[in-house]
Amino acid sequence: MRTGQILWPTDFSETAAHALSYAIEMANLYHVGLKILHVVEQPIGDENFMILSITPEELAKSMEDAAAIKMQALLAGLNTELPVTTLIRRGDPVYQILEEANSKDIGMVVIASHGRTGISHFLHTNVAEAVANGAACPVLVVK
Numbered sequence: 001m002r003t004g005q006i007l008w009p010t011d012f013s014e015t016a017a018h019a020l021s022y023a024i025e026m027a028n029l030y031h032v033g034l035k036i037l038h039v040v041e042q043p044i045g046d047e048n049f050m051i052l053s054i055t056p057e058e059l060a061k062s063m064e065d066a067a068a069i070k071m072q073a074l075l076a077g078l079n080t081e082l083p084v085t086t087l088i089r090r091g092d093p094v095y096q097i098l099e100e101a102n103s104k105d106i107g108m109v110v111i112a113s114h115g116r117t118g119i120s121h122f123l124h125t126n127v128a129e130a131v132a133n134g135a136a137c138p139v140l141v142v143k
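Here the sequence shown stands for residues 1 to 143, where the numbers follow UniProt numbering.
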């Protein structure tokens, strides 16, 4: 834990931004780097029935480009001396976060919880919960 980077998955939401302060605090505490990960979900649909005038691949590329712009803005606003690396991946968020979390260079994941309760909790995939259950390293879930 003390030599691995802190992984901070983000969807660029306000809740995720709140978790960033905890990720930076943990990275400073252990004198390790911070790795920021954003996952672009692959658009799905049958191309024969789509109303879009672009292909799912073009849409995904556009989403990745938008994420890269948000990532650059985020980095410009960070005031830290920590080594920071960024990743933008495409696919299922849980799978991609766990793939990165279970790599050899990650010591801890700091992830935001969306705080859903009741029926909403059961109807939506809880990414933070799935990551906490599937990661080999410690996971800090921030409310």
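Backbone N, C-alpha and C fix where the C-beta goes; we use that ideal spot for every residue, glycine too.
- Item | Complete alpha helix (DSSP H) runs within the region 65-103 (minimum length 4 residues, chain order) | 93-101
- Just the C-alpha distance for residue 95 and residue 26, rounded to the nearest angstrom, thanks. 24 angstroms
- Message: In the DSSP assignment, the beta strand (DSSP E) including residue 107 goes from what residue to what residue?
- Response: Segment 106-112, the beta strand (DSSP E) holding residue 107.
- For residue 9, name the three-state secondary structure that DSSP assigns. strand
- Message: Just to confirm the assignment, what range does the alpha helix (DSSP H) spanning residue 18 have?
- Response: 14-30
- Item | Selection from 83, 38, 107 that minimises the alpha carbon distance to residue 90 | 38
- Taking buried to mean at least 16 other C-beta atoms within 10 Å of its own C-beta, is residue 35 buried or exposed? With a 10 Å radius around the Cβ and a threshold of 16 neighbouring Cβ atoms, residue 35 comes out buried.
- Query: Which two residues bound the contiguous beta strand (DSSP E) that contains residue 35?
  - Reply: 34-40
- Item | Straight-line gap, residue 11 to residue 82 (C-alpha atoms, nearest Å) | Going from the Cα of residue 11 to the Cα of residue 82 covers about 21 angstroms.
- Task: Label residue 72 either buried or exposed according to how many other C-beta atoms from any shown protein chain fall within 10 Å of its C-beta, with 16 as the threshold for buried.
- Result: exposed
- Message: Please return the same chain residues whose Cβ sits closer than 7 angstroms to the Cβ of residue 132, not counting the five positions on each side in sequence.
- Response: 139, 141
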